[in-house]
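The listed protein sequences derive, respectively, from chains A and B. FYI, this note's numbering numbers position 130 of the first sequence as 446, with every residue one higher than the one before it. FYI, this note's numbering numbers position 62 of the second sequence as 113, with every residue one higher than the one before it. Below: the structure, in structure tokens.
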Amino acid sequence: MKTIYLDNNATTMVAPEVLEEMLPYFRDLYGNPSSIHTFGGQVAKKIAEAREKAASLLGAEPDEIVFTSCGTESDNAAILSALSVNPGKNHIVTSRVEHPAVKVLCERLAAKGYRVTELPVDSDGMIDMDAYRRFLTPDTAVVSIMWANNETGVIFPVEEMASIAKERGIMFHTDAVQAAGKIPINMKNNEIDMLSISGHKLHAQKGIGILYIRKGTSFSPFLIGGHQEKGRRGGTENVPGIIGLGKACELAYLNLERENNYVKSLRDRLENALLKKIPRCKVNGHRQNRLPNTTNMSFESVEGESILLLLDQYGICASSGSACTSGSIQPSHVLRAMGVPYTMIHGSVRFSLSIYNTEEEIDFVIDVMPKIIERLRQMSPYWRHEQEACSSV
Amino acid sequence: MTRGPYNETVMDHFMNPRNMGEIENPDAVAEVGNNVCGDTMKIYLKIEDNRIVDVKFKTFGCGAAIASSSMTTELVKGKTIEEALKITNQQVSEALGGLPPAKQHCSVLAEDALRAAIEEYRKRNKQKGS
Ligand code: FES
Numbered sequence: 317m318k319t320i321y322l323d324n325n326a327t328t329m330v331a332p333e334v335l336e337e338m339l340p341y342f343r344d345l346y347g348n349p350s351s352i353h354t355f356g357g358q359v360a361k362k363i364a365e366a367r368e369k370a371a372s373l374l375g376a377e378p379d380e381i382v383f384t385s386c387g388t389e390s391d392n393a394a395i396l397s398a399l400s401v402n403p404g405k406n407h408i409v410t411s412r413v414e415h416p417a418v419k420v421l422c423e424r425l426a427a428k429g430y431r432v433t434e435l436p437v438d439s440d441g442m443i444d445m446d447a448y449r450r451f452l453t454p455d456t457a458v459v460s461i462m463w464a465n466n467e468t469g470v471i472f473p474v475e476e477m478a479s480i481a482k483e484r485g486i487m488f489h490t491d492a493v494q495a496a497g498k499i500p501i502n503m504k505n506n507e508i509d510m511l512s513i514s515g516h517k518l519h520a521q522k523g524i525g526i527l528y529i530r531k532g533t534s535f536s537p538f539l540i541g542g543h544q545e546k547g548r549r550g551g552t553e554n555v556p557g558i559i560g561l562g563k564a565c566e567l568a569y570l571n572l573e574r575e576n577n578y579v580k581s582l583r584d585r586l587e588n589a590l591l592k593k594i595p596r597c598k599v600n601g602h603r604q605n606r607l608p609n610t611t612n613m614s615f616e617s618v619e620g621e622s623i624l625l626l627l628d629q630y631g632i633c634a635s636s637g638s639a640c641t642s643g644s645i646q647p648s649h650v651l652r653a654m655g656v657p658y659t660m661i662h663g664s665v666r667f668s669l670s671i672y673n674t675e676e677e678i679d680f681v682i683d684v685m686p687k688i689i690e691r692l693r694q695m696s697p698y699w700r701h702e703q704e705a706c707s708s709v
Numbered sequence: 052m053t054r055g056p057y058n059e060t061v062m063d064h065f066m067n068p069r070n071m072g073e074i075e076n077p078d079a080v081a082e083v084g085n086n087v088c089g090d091t092m093k094i095y096l097k098i099e100d101n102r103i104v105d106v107k108f109k110t111f112g113c114g115a116a117i118a119s120s121s122m123t124t125e126l127v128k129g130k131t132i133e134e135a136l137k138i139t140n141q142q143v144s145e146a147l148g149g150l151p152p153a154k155q156h157c158s159v160l161a162e163d164a165l166r167a168a169i170e171e172y173r174k175r176n177k178q179k180g181s
């Protein structure tokens, strides 16, 4: 069966060009970039090139790019550094809808005595900027807000938020794991101090990430060891990973246009068709202010894992905010923060597309999805109640 | 190859649930919510001479919940009420060839619904008798 992969916010395919670029560095060019000999030195050159490519994607200087092992490491490094370079300050501002890499870290820090404010979001998943301003205090050490949400795709005004923080002398970090490669990012146009990226969300491999650290920002390293990454991240470089990520950044830059036209049109085609063909379903999250590749939809009276299992029978990969798929017993914290009713969270499905998807694939999903929902509604004890309730209005 | 997190028996019951639907004029019916994750099963029983002659269900829940519902109805059909009450969620899970550890609680849903329906039936019958 052919796989139809619509789970690109979970992870992406390594681009063939990226893999090609990486392969020699596993077998032939295995030198250590820190070595004095030419054999290692040529690898160091290649890493410098990758750093430049990553910097170009972000409108940054190469020196502002630190390669890490993943988005989670970057998030942890940024927040912990901000706290350690602001020893007198005890307050962290974040949002209710962060990725666990930030959310769980902040919960740990709260348990250690830091004061943590989680900004609420409205029913569209948007942050209240007035509340944000109010929560900033002289005691605030760092603000960490994601650039775009992984579940709904909702984009936050992090550039504006960073400026507000800067006016008050507060450090600003953003988790841009979902935003990078999907929407334009230009660090020359904003005052964000630190930004996290994950390689495997933009067609590089798993196990490689970036922490952008603005020139002049005080930084205290997370991984302590060698002089690598100018002393900002110890440990021998993940050479093939870095080289692959450099290539992926180059491709992401070239594909940005395609992402915002082609991918967006596929996403809209899918979303509009499902809204039309399936009664009683809705989109979660602000429909304009959103990544071009993501749609999060709720289908009344059905449960998400069951939808995913049936989609899987057709080779279609998606994900859900239902408690039953989470491995924990709590449904999506993002949809809960938006006030989506529990049963609608249970019936939520996220489709996240990439440039590798085709119109035929989307049309296939449009074709099978109504049947799947109908079938599960026949099994659902809630479905008839709702139709009655509906017809009685 | 089985696809996804479940074994073939579970997937078979999920894909082709037995006794799914409703019974008109049932002798007992109960709707029970799973307090772990919020899923719901509704079970309908037709009882003659203390024996469950027909059973149907509707379930809002994960694959394991739907498969457990289906398997439970298979296990109780034709049984006396006393026999049906002896069925546990472990038996349901075993009959399904095992459920993933995080999904054990889903089989409790079916057991609870069955017990609630029988309880309701007994209450109703007592009232009738008196
Ligand atoms: S019923 Fe929710 S996890 Fe199974």
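All C-beta atoms, glycine included, are put in the ideal place defined by N, C-alpha and C.
Note to self: Between Lys369 (chain A) and Gly551 (chain A), how many whole angstroms is the CB-CB distance? I'm expecting something under 8 Å.
What the structure shows: Here residue 369 (chain A) refers to the residue found at position 53 when the first sequence is read from its first residue. Here residue 551 (chain A) refers to the residue found at position 235 when the first sequence is read from its first residue. In fact, because the Cβ distance is near 21 Å, the residues do not count as touching under 8 Å.
Item checked: Residues that Leu625 (chain A) contacts on chain C, provided the C-beta gap is smaller than 7 Å -> You won't find chain C in this structure, because its protein chains are A and B.
Margin query: Could you compute how far the alpha carbon of Tyr630 (chain A) sits from the alpha carbon of Arg548 (chain A)?
Written below: Within the first sequence, numbered from 1, the residue matching residue 630 (chain A) stands at position 314. Within the first sequence, numbered from 1, the residue matching residue 548 (chain A) stands at position 232. Taking C-alpha positions only, Tyr630 (chain A) is separated from Arg548 (chain A) by approximately 46 Å.
Margin query: What does the Cβ neighbour count give for Asp491 (chain A), buried or exposed, with the cut at 16 atoms within 10 Å?
Written below: Working through the first sequence from its first residue, we reach residue 491 (chain A) at position 175. Buried, since its Cβ has 16 or more Cβ neighbours within 10 Å.
Next item on the list: Could you tell me which chain B residues have their CB closer than 8 Å to the CB of Ser696 (chain A), listed as they occur along the chain?
Entry: Taking the first residue of the first sequence as 1, we reach residue 696 (chain A) at position 380. Here the neighbours are Lys109, Thr110, Phe111.
Margin query: For the ligand FES, I want to know if Leu425 (chain A) counts as a neighbour, meaning its beta carbon is within less than 7 Å of at least one of the ligand's heavy atoms.
Written below: Working through the first sequence from its first residue, we reach residue 425 (chain A) at position 109. Result no, Cβ not under 7 Å from the ligand FES.
Check: Which same chain residues, not among the five before or five after Thr453 (chain A), have their C-beta less than 7 Å away from its C-beta?
Finding: For this step, residue 453 (chain A) is matched to residue 137 along the first sequence. So the qualifying residues of the chain are His407.
Notebook entry, point to check: How do the segment 482-502 of chain A and the segment 343-351 of chain A stand: do at least 3 beta-carbon pairs fall below 8 Å, yes or no?
Noted result: The segment 482-502 of chain A vs the segment 343-351 of chain A: no contact.
Margin query: Measuring straight from C-alpha to C-alpha, what distance separates Leu626 (chain A) and Met66 (chain B)?
Written below: The residue labelled residue 626 (chain A) in the question sits at position 310 within the first sequence. The residue labelled residue 66 (chain B) in the question sits at position 15 within the second sequence. So the alpha carbons of these two residues sit roughly 8 Å apart.
Note to self: Between A:Gly523, A:Ser397, A:Ser617, A:Met317, which has its C-alpha nearest Arg691 (chain A)'s C-alpha?
What the structure shows: Looking up residue 691 (chain A) in the first sequence gives position 375. Distance from the Cα of Arg691 (chain A) is smallest, within the candidate group A:Gly523, A:Ser397, A:Ser617, A:Met317, for A:Ser617.
Item checked: For review: beta carbons within less than 5 Å of any heavy atom in the ligand FES -> Taken from the N-terminal end onward, the list reads A:Cys640, B:Cys88, B:Asp90, B:Gly112, B:Cys113, B:Ala115, B:Ala116, B:Cys157.
Next item on the list: Kindly indicate which residue of B:Gln141, B:Gly129, B:Ala115 has the alpha-carbon position closest to the one of Asp63 (chain B).
Entry: The residue labelled residue 63 (chain B) in the question sits at position 12 within the second sequence. Closest option to Asp63 (chain B), Cα to Cα, is B:Ala115.
Check: In angstroms, rounded to a whole number, what distance separates the CA positions of Met71 (chain B) and Arg412 (chain A)?
Finding: Sequence index remark: in the second sequence, residue 71 (chain B) carries index 20 (1-based). Sequence index remark: in the first sequence, residue 412 (chain A) carries index 96 (1-based). Straight-line Cα distance between these residues: approximately 40 Å.
Next item on the list: Step through the CB atoms of chain B and report whether any lies within less than 8 Å of the CB of His662 (chain A).
Entry: Reading the first sequence from its first residue, position 346 is the one you call residue 662 (chain A). Yes, contact with chain B.
Next item on the list: Could you tell me which residues DSSP pairs with Met71 (chain B) in its beta bridges?
Entry: Here the question's residue 71 (chain B) lines up with position 20 in the second sequence. Paired residue(s): B:Phe108.
Check: Buried or exposed: where does Val709 (chain A) fall if 16 or more other Cβ atoms within 10 Å of its Cβ makes it buried?
Finding: As a first step, residue 709 (chain A) must be located in the first sequence, where it is residue number 393. Confidence at Val709 (chain A) is low in this model, with a pLDDT of 36, below 50, so the placement of that residue is unreliable and no value is reported for it.
Notebook entry, point to check: Could you check where the beta strand (DSSP E) with Tyr95 (chain B) kicks off and where it finishes?
Noted result: Taking the second sequence and counting its residues from 1, one reaches residue 95 (chain B) at position 44. 91-99 is the extent of the beta strand (DSSP E) around Tyr95 (chain B).
Next item on the list: Starting from the Cα of Asn600 (chain A), find the closest Cα among A:Phe355, A:Ser439, A:Ala376, A:Gln358 and give me that residue.
Entry: Residue 600 (chain A) sits at position 284 when you count from the first residue of the first sequence. Relative to Asn600 (chain A), the option among A:Phe355, A:Ser439, A:Ala376, A:Gln358 whose CA is nearest is A:Ser439.
Note to self: Rounded to whole angstroms, what is the Cα-Cα separation between Leu399 (chain A) and Phe667 (chain A)?
What the structure shows: Taking the first residue of the first sequence as position 1, residue 399 (chain A) is located at position 83. Taking the first residue of the first sequence as position 1, residue 667 (chain A) is located at position 351. Those two C-alpha atoms are separated by around 36 Å.
Check: Which chain A residues are close to Met71 (chain B), counting only those with a beta carbon under 8 Å from its beta carbon?
Finding: Translated into the one-based positions of the second sequence, residue 71 (chain B) becomes position 20. Within chain A, the residues Gln694, Met695 have their CB atoms less than 8 Å from the CB of Met71 (chain B), given in chain order.
Notebook entry, point to check: Between Ala161 (chain B) and Ile688 (chain A), what straight-line distance do the alpha-carbon atoms span, to the nearest angstrom?
Noted result: The count along the second sequence starts at 1 and reaches residue 161 (chain B) at position 110. The count along the first sequence starts at 1 and reaches residue 688 (chain A) at position 372. C-alpha separation (whole angstroms): 23 Å.
Margin query: Which residues in chain A have a C-beta closer than 8 Å to the C-beta of Pro77 (chain B)? List them in chain order.
Written below: The residue labelled residue 77 (chain B) in the question sits at position 26 within the second sequence. Ordered by position in chain A, no residue passes the 8 Å Cβ test against Pro77 (chain B), which lies about 13 Å from the chain.
Next item on the list: Could you check the C-alpha separation between Lys93 (chain B) and Tyr698 (chain A) for me, to the nearest Å?
Entry: Mapped onto the second sequence, residue 93 (chain B) falls at position 42. Mapped onto the first sequence, residue 698 (chain A) falls at position 382. Rounded to whole angstroms, the separation of the alpha carbons of Tyr698 (chain A) and Lys93 (chain B) is 9 Å.
Next item on the list: For Ser614 (chain A), name the three-state secondary structure that DSSP assigns.
Entry: Position 298 of the first sequence, counting from 1, holds the residue named residue 614 (chain A). In this structure, DSSP gives Ser614 (chain A) an extended state, which the three-state scheme calls strand.
Next item on the list: Could you list the residues in the segment 159-170 of chain B with a C-beta less than 7 Å from some C-beta on chain A, going in chain order?
Entry: Taking 7 Å as the Cβ-Cβ cut-off, the segment 159-170 of chain B has no residue approaching chain A.
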